[in-house]
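*Asks:* First the structure, then my questions, so here it is.
Protein chains: 2
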Amino acid sequence: MTDSKEFTLYGYFRSSASWRVRLALEWKGIAYEQHSVNLAQGDQKKDEFLAINPSKKVPALVTKEHKVLTQSIAILEYIEEHYPDRPMLPKSLWHRAQVREIVQAIACDIHPLQNLGVLIKQGGGDLEKREAWAREWITQGFEGLERHLEEVSGTYCVGDNITMADFCLVPMVYNAFRYKVDMKQFPVITRINNTLLTLPEFKKTHPHNQEDCPPELRGHGV
Amino acid sequence: MTDSKEFTLYGYFRSSASWRVRLALEWKGIAYEQHSVNLAQGDQKKDEFLAINPSKKVPALVTKEHKVLTQSIAILEYIEEHYPDRPMLPKSLWHRAQVREIVQAIACDIHPLQNLGVLIKQGGGDLEKREAWAREWITQGFEGLERHLEEVSGTYCVGDNITMADFCLVPMVYNAFRYKVDMKQFPVITRINNTLLTLPEFKKTHPHNQEDCPPELRGHGV
Chain A
43 MTDSKEFTLY
53 GYFRSSASWR
63 VRLALEWKGI
73 AYEQHSVNLA
83 QGDQKKDEFL
93 AINPSKKVPA
103 LVTKEHKVLT
113 QSIAILEYIE
123 EHYPDRPMLP
133 KSLWHRAQVR
143 EIVQAIACDI
153 HPLQNLGVLI
163 KQGGGDLEKR
173 EAWAREWITQ
183 GFEGLERHLE
193 EVSGTYCVGD
203 NITMADFCLV
213 PMVYNAFRYK
223 VDMKQFPVIT
233 RINNTLLTLP
243 EFKKTHPHNQ
253 EDCPPELRGH
263 GV
Chain B
43 MTDSKEFTLY
53 GYFRSSASWR
63 VRLALEWKGI
73 AYEQHSVNLA
83 QGDQKKDEFL
93 AINPSKKVPA
103 LVTKEHKVLT
113 QSIAILEYIE
123 EHYPDRPMLP
133 KSLWHRAQVR
143 EIVQAIACDI
153 HPLQNLGVLI
163 KQGGGDLEKR
173 EAWAREWITQ
183 GFEGLERHLE
193 EVSGTYCVGD
203 NITMADFCLV
213 PMVYNAFRYK
223 VDMKQFPVIT
233 RINNTLLTLP
243 EFKKTHPHNQ
253 EDCPPELRGH
263 GV
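Top to bottom, those sequences are chains A and B.
Under this note's numbering, residues 43 to 264 are what the first sequence spells out, in order.
Under this note's numbering, residues 43 to 264 are what the second sequence spells out, in order.
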């Protein structure tokens with residue numbers, strides 16, 4: 043950890059919760075360095091990382107004073123309160139609630155069911171079974187989300203300003219493609235995702251642009 | 043819905059996400075009425091409720107103006123911003139992050155894996171298999187949470203003031219007992235839970251004190 047950077051982010055290129063935090067840091071223009079925790083190789087269970095987050099999960103955000111924050115949504119709220127410029131939440135209380143509703147629908151209802159530990163427990167070594175489980179839960183969650191976005195979206199998830207809901211949506215859609223969800227059912231999600239992916243913050247933080255992305259995926263689809 | 047109450051809460055006596063919202067409303071002294079959605083009988087899939095929340099989930103909080111909020115944590119944040127008295131979040135940004143870290147660990151990592159839909163998909167009609175799955179995920183999540191609380195707790199989850207973390211902890215421990223988690227492993231969680239359960243807001247909102255609680259559980263353990 044160098045002294046010049048505010049934070050060190052412990053993450054993994056394809057962890058969608060890590061991507062949410064990269065997006066928030068990039069959006070706010072905060073200097074950070076990254077440290078890769080290779081989940082596929084079990085780095086999260088090694089002593090070096092357990093000293094940072096005994097819950098064995100990424101992301102973990104470490105401050106210059108060596109204080110540790112975990113849980114991506116808690117980190118997003120912390121960044122928003124600490125760095126109010128370029129807000130990730132609207133001013134109106136009602137619209138803030140709409141943003142957080144989308145954030146929580148993704149983070150609590152859709153995402154947890156395809157964490158690696160759950161997939162292994164559910165499908166064992168059977169990759170197709172694991173994929174089918176993930177696909178079914180994402181599809182079910184996206185059905186509710188699509189209907190919600192039909193009501194509240196503008197250019198982005200809630201109206202015409204970028205919010206933390208957008209920082210949760212794009213990584214979730216990335217996972218949906220990975221698990222071969224039929225995205226033709228979700229035109230609003232697809233439209234917003236495609237618009238967001240053209241923005242520099244989304245390109246720079248894309249999993250396939252990260253240093254720990256394997257060469258065969260590097261730059262793919264970005 | 044009568045005009046005298048601010049909100050109508052659509053919930054279910056043993057839904058832990060509904061209990062979080064009951065706690066927040068009670069804590070803030072907000073007038074609300076309740077409408078029971080019997081999840082075990084499939085009320086959440088009926089047209090009457092689908093018109094309120096097409097995602098088929100409780101809680102849903104409906105305002106006097108018939109606007110609907112879903113996602114318990116988004117609702118808690120909305121209530122906190124709308125009714126700042128008796129705060130559910132500390133003032134210090136760092137402590138607010140600690141509270142939200144606990145909230146998200148419970149709402150995103152521990153709770154989703156024992157939602158009814160997941161249990162049925164996982165264990166089918168085999169109640170013991172369903173229970174074992176829920177028990178394993180709660181135990182694993184509580185291991186990380188216990189260590190976190192060892193560091194940040196005082197009388198309550200974060201220091202000596204009640205926060206929204208406490209409103210998430212108690213319903214989660216209720217579920218842990220339901221799925222026969224061995225709570226002797228978690229002395230800090232147990233201590234905080236027992237302290238909180240003596241408070242009037244926790245007694246009044248307890249699942250076994252709700253009108254839709256079946257007679258055989260009514261008043262049990264409260």
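Here a beta-carbon is modelled for each residue, glycine too, at the ideal position from N, C-alpha and C.
A quick note: this is a predicted structure, and the numbers were derived from the prediction, not measured.
#1: Check each residue of the segment 168-195 of chain B: if its Cβ is closer than 9 Å to any Cβ of chain A, include it; give the result in chain order.
#2: Considering Cα atoms alone, identify which of 107/B, 88/B, 80/B, 94/B is closest to residue 47/B.
#3: Given this structure, state the Cα-to-Cα distance separating residue 43/B from residue 51/B, to the nearest angstrom.
#4: Measure the beta-carbon distance from residue 152/B to residue 180/B and round it to whole angstroms, keeping in mind my assumption that it falls under 8 Å.
#5: Here's the rule: buried if 16 or more other CB atoms are within 10 angstroms of the residue's CB, otherwise exposed. What is residue 134/B?
#6: Quick check on the DSSP output: what are the complete alpha helix (DSSP H) runs of length 4 or more inside the segment 49-120 of chain B, in order along the chain?
#7: Rounded to whole angstroms, what's the CA-CA distance from residue 189/A to residue 100/B? Just pull it up for me.
#8: From residue 186/B to residue 57/A, what does the alpha carbon distance come to, in whole angstroms?
#9: By the three-class DSSP mapping on this structure, what secondary structure does residue 186/B have?
#10: Based on Cα-Cα distance, which residue from 263/B, 200/B, 111/B, 248/B lies nearest to residue 230/B?
#11: For residue 262/A, is the classification buried or exposed, using 16 other Cβ atoms within 10 angstroms of its Cβ as the cut-off for buried?
#12: Residue 138/A CB to nearest chain B CB: under 8 Å?
#13: Quick check: is the beta carbon of residue 44/A nearer than 8 Å to any beta carbon in chain B?
#14: Distance, Cα to Cα, residue 140/B vs residue 78/B?
#15: Any contact of the segment 118-138 of chain B with the segment 66-73 of chain B, i.e. 3+ C-beta pairs under 8 Å?
#16: Is there a Cβ of chain B sitting closer than 8 Å to that of residue 123/A, yes or no?
#17: Give the straight-line distance between the Cα atoms of residue 94/B and residue 74/A, rounded to the nearest whole angstrom.
#18: In chain B, what lies closer than 8 Å to residue 51/A by C-beta?
#19: Checking contacts by CB at 8 Å: is residue 142/B closer than that to chain A?
#20: Look at residue 235/A and residue 215/A and say whether their C-beta atoms are less than 8 Å apart.
#21: What's the gap between the Cα of residue 92/B and the Cα of residue 251/B?
#22: Can you have a look at residue 247/A and say buried or exposed, based on whether 16 or more other CB atoms are within 10 angstroms of its CB?
*Replies:* Short version:
#1: Residues of the segment 168-195 of chain B with a C-beta atom less than 9 Å from some C-beta of chain A are 175, 178, 179, 182, 183, 185, 186, 187, 189, 190, listed in chain order.
#2: Within the second sequence, the letter at position 5 stands for residue 47/B. Ranking 107/B, 88/B, 80/B, 94/B by Cα distance to residue 47/B puts 107/B first.
#3: Counting from 1 along the second sequence, the entry for residue 43/B is found at position 1. Counting from 1 along the second sequence, the entry for residue 51/B is found at position 9. Only weak support exists for where residue 43/B lies, its pLDDT of 45 falling under 50; the value from the coordinates is given anyway. Answer to the nearest angstrom: the Cα atoms are 10 Å apart.
#4: Within the second sequence, numbered from 1, the residue matching residue 152/B stands at position 110. Within the second sequence, numbered from 1, the residue matching residue 180/B stands at position 138. That belief holds up - the Cβ atoms of residue 152/B and residue 180/B are roughly 6 Å apart, short of 8 Å.
#5: Numbered from its first residue, the second sequence carries residue 134/B at position 92. Counting of Cβ neighbours within 10 angstroms places residue 134/B among the exposed residues, the total staying below 16.
#6: Qualifying alpha helix (DSSP H) stretches, in chain order: 58-70, 89-92.
#7: For the purposes of this step, residue 189/A is taken as residue 147 along the first sequence, with counting starting at 1. For the purposes of this step, residue 100/B is taken as residue 58 along the second sequence, with counting starting at 1. So the alpha carbons of these two residues sit roughly 17 Å apart.
#8: Taking the first residue of the second sequence as 1, we reach residue 186/B at position 144. Taking the first residue of the first sequence as 1, we reach residue 57/A at position 15. Distance between the alpha carbons of residue 186/B and residue 57/A is about 19 Å.
#9: One-based indexing of the second sequence puts residue 186/B at position 144. Here residue 186/B sits in helix by DSSP.
#10: As a first step, residue 230/B is located in the second sequence; it is residue number 188 there, counting from the start. Taking residue 230/B as reference, the option from 263/B, 200/B, 111/B, 248/B with the minimal CA-CA separation is 200/B.
#11: Taking the first residue of the first sequence as position 1, residue 262/A is located at position 220. In this structure residue 262/A is exposed. Its beta-carbon is surrounded by fewer than 16 other beta-carbon atoms within 10 angstroms.
#12: Indexing the first sequence from 1 puts residue 138/A at position 96. By the rule that beta-carbons nearer than 8 Å mark a contact, residue 138/A touches chain B.
#13: As a position in the first sequence, residue 44/A is number 2, starting the count at 1. Since pLDDT at residue 44/A reaches only 47, below the 50 mark, its modelled position is unreliable, and no value is offered.
#14: Counting from one through the second sequence, the residue named residue 140/B turns up at place 98. Counting from one through the second sequence, the residue named residue 78/B turns up at place 36. In a straight line, the C-alpha of residue 140/B is about 33 Å away from that of residue 78/B.
#15: The segment 118-138 of chain B, when compared against the segment 66-73 of chain B, does touch it at the 8 Å Cβ threshold.
#16: On the first sequence, position 81 is the one that residue 123/A refers to. Chain B contact via Cβ: present.
#17: In the second sequence, the residue the question calls residue 94/B occupies position 52. In the first sequence, the residue the question calls residue 74/A occupies position 32. Distance between the alpha carbons of residue 94/B and residue 74/A is about 43 Å.
#18: Taking the first sequence and counting its residues from 1, one reaches residue 51/A at position 9. Those within 8 Å of residue 51/A in chain B number zero; the least Cβ separation is about 15 Å.
#19: What you label residue 142/B is simply residue 100 of the second sequence in a count that begins at 1. True, the Cβ-Cβ gap to chain A drops below 8 Å.
#20: Your numbering for residue 235/A matches position 193 in the first sequence. Your numbering for residue 215/A matches position 173 in the first sequence. Yes. Within cutoff.
#21: Position 50 of the second sequence, counted from the start, is the residue given in the question as residue 92/B. Position 209 of the second sequence, counted from the start, is the residue given in the question as residue 251/B. Each residue's Cα considered, the two are about 27 Å apart.
#22: Here residue 247/A is taken as the residue at index 205 of the first sequence, counted from 1. Residue environment: residue 247/A is assigned as buried (16 or more neighbouring CB atoms within 10 Å of its CB, all protein chains considered).
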